[in-house]
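In the working numbering, the protein residues as written are 95 to 206. One structure below.
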């Protein structure tokens, strides 16, 4: 159990939680993710589950950031899942020192 709640996140990370939740909801998925790059741009996605392409929500958000030219990630939020090793690994390919939060309901856990 985490002692943190969404309200305890700073404003920028709370915004990522909102974006991640919205990304999941737009396509009726349980999980979503959002990342913030080094200049404050944000990218959000739900998981991609196609016959020929499968990405976790965090992998998809990281791919969007990278494709847009992000060379640094400051933070990431995973909504609706307790972990995403592959997504965290992809995010750390860009920035080894980023902060990654998991938000389930209103409970927040730091993953990295």
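Backbone N, C-alpha and C define an ideal beta-carbon position, used for all residues, glycine too.
(message) Quick check on residue 163: buried or exposed, where buried means 16 or more other Cβ atoms within 10 Å of its Cβ?
(response) Indexing the chain shown from 1 puts residue 163 at position 69. Classification for residue 163: exposed.
(message) Please state the DSSP three-state secondary structure of residue 121.
(response) Residue mapping note: residue 121 aligns to position 27 of the chain shown, counting from 1. Here residue 121 sits in coil by DSSP.
(message) Measuring straight from C-alpha to C-alpha, what distance separates residue 177 and residue 183?
(response) Within the chain shown, residue 177 is the residue found at index 83, counting from 1. Within the chain shown, residue 183 is the residue found at index 89, counting from 1. C-alpha separation (whole angstroms): 11 Å.
(message) Just verifying my parser: in three-state terms, what is the DSSP assignment at residue 203?
(response) As a first step, residue 203 is located in the chain shown; it is residue number 109 there, counting from the start. If DSSP states are grouped into helix, strand and coil, residue 203 belongs with the strands.
(request) Indicate whether at least one CB of chain B lies closer than 8 Å to the CB of residue 168. (result) Included in the structure is just one protein chain, with no chain B present.
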